[in-house]
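Asks:
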Amino acid sequence: MFRPTSLSGKTFHRYLKIPAHPSKIRLQNIAGKKFFSNGLSIKNENGVLFTLDANDWITRIMLMEGDYEDGSTSLAKKILSNGGMFIDLGANFGLFTCIIAHNNNKVKAIAVEPNYKVIDRLLHNIRQNGLQESVQVVNAAVSNKFQLVTMEQPATDNLGTTIVKPGIQGLLSIPSCPLEFIFQENNISHADLIKIDIEGNEFDILENFPFEKYTIKNIILEFNHLSNISFSVLNTFLAGKGFKSFTITGEELLHDQQAIPENNIWFV
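Numbering of the sequence shown is given in numbering that gives the first Met the number 0, commencing with residue 0 and proceeding in unit increments.
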């Protein structure tokens, strides 16, 4: 369970938990901006430390509930308990990367994150957990080809909703590359686990990936209303590559009427 490390953080945490009242959201946003301009620090019982934006939606969930995607991160940590290569696509502030690599020097991680707004947080969290030798950060997007893409953040209070779209559609464009390029440039032939959370574009990066050339043992893939294909199409495609689909709790997924905890599917 993650808890704030400072007195101001603990006070802010207590305020978030009080019943709703007029102007509560406005007041907590003002407090978050005023008292945590350098970020709000939280730590779990294992010593994993994050400094986060106090007014970001995921931070609020972690403060209110003590964790975020706990089942998925626990599964990922179990998969890589004996070490291995981890590729984190859509790393955000480093939730999966830092939890998995913490106190496990046999893990090598590549954290891929296109959003310039969160890169400083990601780098800081890697450094403060002493993971500089274990993690490489790639500040780029991953898509189905080399191209320029434009970032959009539909929910202004949630950096995790950032999505990239092909083409030069706004003030800032960033480079995007195929997943295969990440393997090539890092001279790796396999990944023990790839986590993919890129707001609906997950299938696009897998569709043309040369599975016959590189070995991927496990995939934890976000699947929800933003996904641009059906579960049936996704499952059939990956079944053709030798994968079986499960929930993060280990229940085999056979159809889209089954519950998908944390909106994550585990392909093995």
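We put the CB at the ideal spot given by N, CA and C, even for glycine. Remember, predicted model here, so these are calculated numbers, not experimental data.
Return the first residue and the last residue of the alpha helix (DSSP H) that Phe11 is part of.
Replies: Mapped onto the sequence shown, residue 11 falls at position 12. Looking at the DSSP string, the run of the alpha helix (DSSP H) that includes Phe11 is Leu6 to Lys16.
Asks: Thinking C-alpha only, which one of Asn45, Ile57 and Phe208 is nearest Val117?
Replies: Looking up residue 117 in the sequence shown gives position 118. Here the closest residue by C-alpha is Ile57.
Asks: Nearest-angstrom Cα distance between Ile197 and Val148?
Replies: For the purposes of this step, residue 197 is identified with residue 198 of the sequence shown, where counting begins at 1. For the purposes of this step, residue 148 is identified with residue 149 of the sequence shown, where counting begins at 1. Computed Cα separation, rounded: 13 Å.
Asks: Exposed or buried, Glu201, counting other C-beta atoms within 10 Å across all chains shown (16 or more means buried)?
Replies: Residue mapping note: residue 201 aligns to position 202 of the sequence shown, counting from 1. By the neighbour-count rule (16 or more Cβ atoms within 10 Å), Glu201 is buried.
Asks: Are three or more beta carbon pairs between the stretch 202–212 and the stretch 173–182 nearer than 8 Å?
Replies: Yes, the stretch 202–212 is in contact with the stretch 173–182.
Asks: Buried or exposed: where does Glu68 fall if 16 or more other Cβ atoms within 10 Å of its Cβ makes it buried?
Replies: Numbered from 1 along the sequence shown, position 69 holds the residue referred to as residue 68. Its Cβ being crowded by 16 or more others within 10 Å, Glu68 is buried.
Asks: Mind checking whether Ile259 and Ala75 have CB atoms under 9 Å apart?
Replies: As a first step, residue 259 is located in the sequence shown; it is residue number 260 there, counting from the start. As a first step, residue 75 is located in the sequence shown; it is residue number 76 there, counting from the start. No, the Cβ-Cβ distance between Ile259 and Ala75 is not below 9 Å.
Asks: DSSP three-state label for Asp203, please.
Replies: Translated into positions along the sequence shown, residue 203 becomes position 204. Helix.
Asks: Between Asn37 and Asn54, which are expected to be in contact by the criterion C-beta below 8 Å, what is the C-beta distance as a whole number of angstroms?
Replies: Locating residue 37 in the sequence shown gives position 38, where the first residue counts as 1. Locating residue 54 in the sequence shown gives position 55, where the first residue counts as 1. Going by Cβ atoms, the distance from Asn37 to Asn54 rounds to 13 Å, so no, they are not a contact pair.
Asks: Quick check: the Cα distance between Leu130 and Phe85, rounded to an integer number of angstroms?
Replies: Reading the sequence shown from its first residue, position 131 is the one you call residue 130. Reading the sequence shown from its first residue, position 86 is the one you call residue 85. Cα-Cα distance, rounded: 13 Å.
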